[in-house]
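Participant: Numbering (our numbering), first residue to last: 3 to 469.
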């Protein structure tokens with residue numbers, strides 16, 4: 003999904019298979035996909051104003067590949083006439099959200115999959131396993147040797163009826179060459195579901211794993227390639243057997259950035275560092291994702307937004323911390339029965355004309371405020387590196403609270419609490435550290451392991467925050 007391409011072919015609607023139109027499909031990983039047609043998919047004018055929500059266009063390329071364009075939208079339709087000239091053909095343009103190359107899906111209900119397989123940015127470096135071996139025994143003069151043994155696949159459970167696998171694909175020249183010899187290892191992630199899932203659901207599985215990688219790599223992660231499989235859609239190779247048909251998936255994303263890849267030592271953690279606990283950690287991650295996704299998503303947006311920073315970045319991180327605490331530790335300031343008795347007593351001694359106003363004040367009076375939640379989070383999730391980055395926890399909590407209140411309400415009384423943008427950025431980075439530490443703790447990483455990983459990564463990731 004990282005390279006631009008064009009596909010020439012014939013295009014048609016599932017309900018009008020005999021009316022095929024010549025056109026070109028263009029894919030750009032940043033700016034999106036468009037289908038340009040010479041002719042019309044449907045001459046009925048009502049067709050362009052009453053499209054279904056998930057409009058499907060099918061195609062056959064000049065290379066005989068079956069293509070499904072899913073979630074398409076009509077963009078424009080033109081027919082130009084010049085004076086004293088023959089009227090030209092109609093041209094149409096459609097925006098395409100998803101490209102599925104390899105099969106014709108005729109309706110939304112049939113777009114189901116059991117497996118999503120992907121190579122991801124920095125995934126090889128994060129897994130940190132190579133089949134290349136240095137052979138120190140070879141010392142023959144002018145002798146060079148490529149010594150490679152393909153690593154074994156790594157399988158693990160995700161949650162009920164779902165499994166994952168790291169697999170190592172190997173490529174080498176198909177024909178003998180006098181000039182070069184090479185082996186390329188590429189690590190792929192495979193996520194499997196026992197039951198068929200919609201395109202949205204199977205993509206969500208990949209997104210969940212992507213976001214877990216962000217915690218380790220400590221920067222945004224995007225797919226390089228995505229292959230989908232449905233157990234019932236197979237290629238028949240005769241005596242060689244039947245095999246699941248690979249369906250290539252393409253989708254553009256404006257947030258994508260093809261940055262320089264990190265090395266494993268530049269990350270917060272890689273797979274080999276957490277190998278012993280990985281099965282437990284990744285299973286907890288998937289099982290807790292739905293409950294904690296509101297807090298997760300607010301944090302991961304900051305990684306996907308990259309270098310973009312403003313007060314909304316800070317507000318989202320503060321909200322993530324508040325949401326995380328409320329989802330996991332939503333206790334009250336005092337026992338509920340005691341608070342109920344206190345409310346009754348206050349209303350008994352208060353003139354009745356003030357009861358409605360007082361009830362509104364007391365409705366949320368027993369809920370923890372942001373400063374109380376942050377205080378508990380700093381006590382629970384801090385480690386040696388975070389202690390250096392946030393030496394005064396009380397000052398940190400008060401500063402986050404005041405600035406959250408100011409940028410939410412823009413109260414004049416809090417203007418004196420404003421800090422320079424650089425300081426707000428560093429405050430946000432410290433809050434981000436705390437959240438990442440908290441997420442790792444909640445999915446089963448021990449405090450000892452987390453502390454060790456943060457210390458190892460301090461030089462590359464947190465040096466600017468830990469004087």
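Backbone N, C-alpha and C define an ideal beta-carbon position, used for all residues, glycine too.
Compare the Cα-Cα distances from residue 64 to each of 254, 159 and 10 and report the closest residue.
Facilitator: Residue 64 sits at position 62 when you count from the first residue of the chain shown. Nearest C-alpha to residue 64: 10.
Participant: Per DSSP, what kind of secondary structure is residue 34 in: helix, strand or coil?
Facilitator: Against the chain shown, residue 34 aligns to sequence position 32. It is a strand residue.
Participant: With a floor of 3 residues, list each beta strand (DSSP E) that falls wholly inside the segment 241–323, ordered by position along the chain.
Facilitator: Counting whole runs of 3 or more residues, the segment 241–323 contains the beta strand (DSSP E) stretches 244–246 and 249–252.
Participant: Using DSSP bridges, identify the partner residues of residue 380.
Facilitator: Numbered from its first residue, the chain shown carries residue 380 at position 378. According to DSSP, residue 380 bridges with nothing at all.
Participant: Which value, in whole angstroms, describes the spacing of the CA atoms of residue 458 and residue 241?
Facilitator: In the chain shown, the residue the question calls residue 458 occupies position 456. In the chain shown, the residue the question calls residue 241 occupies position 239. Using only the alpha carbons, I get a separation of about 54 Å.
Participant: Identify every residue that forms a DSSP beta bridge with residue 159.
Facilitator: In the chain shown, counting from the first residue as 1, residue 159 sits at position 157. According to DSSP, residue 159 bridges with 165.
Participant: In three-state DSSP terms, what is residue 218?
Facilitator: Counting from one through the chain shown, the residue named residue 218 turns up at place 216. Three-state DSSP puts residue 218 in a helix.
Participant: Distance, Cα to Cα, residue 266 vs residue 130?
Facilitator: Here residue 266 refers to the residue found at position 264 when the chain shown is read from its first residue. Here residue 130 refers to the residue found at position 128 when the chain shown is read from its first residue. About 7 Å.
Participant: Please classify residue 154: does DSSP put it in a helix, a strand, or coil?
Facilitator: Numbered from its first residue, the chain shown carries residue 154 at position 152. In the structure shown, residue 154 sits in coil (DSSP, three-state: anything other than H, G, I, E or B).
Participant: Alpha carbon to alpha carbon, what distance is there between residue 395 and residue 109?
Facilitator: Translated into the one-based positions of the chain shown, residue 109 becomes position 107. Translated into the one-based positions of the chain shown, residue 395 becomes position 393. Taking the straight line from one Cα to the other gives about 56 Å.
Participant: Whole angstroms are fine: how far does the CA of residue 302 sit from the CA of residue 210?
Facilitator: For the purposes of this step, residue 210 is taken as residue 208 along the chain shown, with counting starting at 1. For the purposes of this step, residue 302 is taken as residue 300 along the chain shown, with counting starting at 1. About 11 Å.
Participant: Between residue 434 and the rest of its own chain, which residues show a CB-CB distance below 8 Å, the 5 nearest in sequence each way excluded?
Facilitator: Numbered from 1 along the chain shown, position 432 holds the residue referred to as residue 434. Result list for residue 434: 301, 304 and 319, in chain order.
Participant: Note the first and the last residue of the continuous beta strand (DSSP E) segment covering residue 200.
Facilitator: Along the chain shown, one-based indexing puts residue 200 at 198. Its beta strand (DSSP E) spans residues 186–200.
Participant: Compare the C-beta of residue 385 against all C-beta atoms of chain C and say whether one is closer than 8 Å.
Facilitator: The question asks about chain C, but that chain is absent: this structure has only one protein chain.
Participant: Skipping 5 residues on each side, what residues in its chain have a beta carbon closer than 7 Å to that of residue 106?
Facilitator: Reading the chain shown from its first residue, position 104 is the one you call residue 106. Here the set comprises 60, 68 and 70.
Participant: By DSSP, does residue 443 sit in helix, in strand, or in coil?
Facilitator: Here the question's residue 443 lines up with position 441 in the chain shown. Helix, per DSSP.
Participant: Since residue 146 is in the alpha helix (DSSP H), which residue starts that stretch and which ends it?
Facilitator: By one-based count along the chain shown, residue 146 stands at place 144. That residue, residue 146, is in no alpha helix (DSSP H); it is neither H nor E in DSSP.
Participant: Mark residue 359 as exposed unless 16 or more other C-beta atoms lie within 10 angstroms of its C-beta, in which case mark it buried.
Facilitator: As a working note, residue 359 is residue 357 in the chain shown. Flag for residue 359 reads exposed.
Participant: Exposed or buried, residue 1, counting other C-beta atoms within 10 Å across all chains shown (16 or more means buried)?
Facilitator: The structure shown does not extend to residue 1, since the chain is modelled only from 3 to 469, so the question has no answer here.
Participant: Look up residue 339 in the DSSP assignment and say whether it is helix, strand or coil.
Facilitator: For the purposes of this step, residue 339 is taken as the residue at position 337 of the chain shown. Looking at residue 339 - three-state DSSP - the assignment turns out to be helix.
Participant: So residue 452 packs on residue 385, CB below 8 Å; how close in whole Å?
Facilitator: Locating residue 452 in the chain shown gives position 450, where the first residue counts as 1. Locating residue 385 in the chain shown gives position 383, where the first residue counts as 1. That belief holds up - the Cβ atoms of residue 452 and residue 385 are roughly 6 Å apart, short of 8 Å.
Participant: Identify which residue in 8, 73, 351 and 296 has its Cα closest to the Cα of residue 15.
Facilitator: For this step, residue 15 is matched to residue 13 along the chain shown. For the residues 8, 73, 351 and 296, the minimum Cα distance to residue 15 belongs to 73.
Participant: Could you check which residue in 340, 35, 231 and 58 has the C-alpha nearest to that of residue 204?
Facilitator: Within the chain shown, numbered from 1, the residue matching residue 204 stands at position 202. Selected option, being the one with the closest Cα: 231.
Participant: Could you tell me the distance, in whole angstroms, from the CA atom of residue 262 to the CA atom of residue 362?
Facilitator: Locating residue 262 in the chain shown gives position 260, counting from the first residue. Locating residue 362 in the chain shown gives position 360, counting from the first residue. Going by the C-alpha atoms only, they are around 54 Å apart.
Participant: Among 377, 33 and 96, which one has its Cα closest to the Cα of residue 400?
Facilitator: By one-based count along the chain shown, residue 400 stands at place 398. Cα-wise, what sits closest to residue 400 is 377.
Participant: Might you give, ordered along the chain, the residues of its own chain that have their beta carbon closer than 6 Å to the beta carbon of residue 78, omitting 5 neighbours on each side?
Facilitator: Numbered from 1 along the chain shown, position 76 holds the residue referred to as residue 78. Once the five neighbours on either side are set aside, the close Cβ partners of residue 78 are 95.
Participant: In angstroms with no decimal places, state the Cα-to-Cα distance between residue 325 and residue 189.
Facilitator: What you label residue 325 is simply residue 323 of the chain shown in a count that begins at 1. What you label residue 189 is simply residue 187 of the chain shown in a count that begins at 1. Roughly 35 Å separates the two Cα atoms.
Participant: Going by DSSP in three states, residue 8 sits in which element: helix, strand or coil?
Facilitator: On the chain shown, position 6 is the one that residue 8 refers to. In this structure, residue 8 counts as strand in the three-state DSSP scheme.
Participant: Name the one or two DSSP bridge partners that residue 431 has.
Facilitator: One-based indexing of the chain shown puts residue 431 at position 429. Residue 431 pairs with nothing; no bridge assigned.
Participant: Tell me, to the nearest whole angstrom, how far the beta carbon of residue 118 is from that of residue 193; I am working on the premise that it is less than 8 Å.
Facilitator: The residue labelled residue 118 in the question sits at position 116 within the chain shown. The residue labelled residue 193 in the question sits at position 191 within the chain shown. So it is a contact: roughly 5 Å between Cβ atoms.
Participant: Please state the DSSP three-state secondary structure of residue 57.
Facilitator: As a first step, residue 57 is located in the chain shown; it is residue number 55 there, counting from the start. Reduced to three states, the DSSP call for residue 57 is strand.
Participant: Apply the 10 Å Cβ neighbour rule to residue 81 and answer buried if 16 or more other Cβ atoms are within range, or exposed otherwise.
Facilitator: Numbered from its first residue, the chain shown carries residue 81 at position 79. Exposed.
Participant: Look up residue 27 in the DSSP assignment and say whether it is helix, strand or coil.
Facilitator: The residue you call residue 27 lines up with position 25 of the chain shown. Of the three classes helix, strand and coil, the one that applies to residue 27 here is strand, per DSSP.
Participant: Could you tell me the boundaries of the beta strand (DSSP E) in which residue 230 lies?
Facilitator: By one-based count along the chain shown, residue 230 stands at place 228. From DSSP, the beta strand (DSSP E) with residue 230 extends over 225–231.
Participant: With a threshold of 16 other CB atoms inside 10 Å of the CB of residue 157, please say whether the residue is buried or exposed.
Facilitator: Walking along the chain shown from the start, residue 157 turns up at place 155. By the neighbour-count rule (16 or more Cβ atoms within 10 Å), residue 157 is not buried but exposed.
Participant: Take the Cβ of residue 431 as the centre, count every other Cβ of all protein chains shown within 10 Å, and call the residue buried at 16 or more, exposed below.
Facilitator: Locating residue 431 in the chain shown gives position 429, counting from the first residue. Buried: at least 16 other Cβ atoms inside 10 Å.
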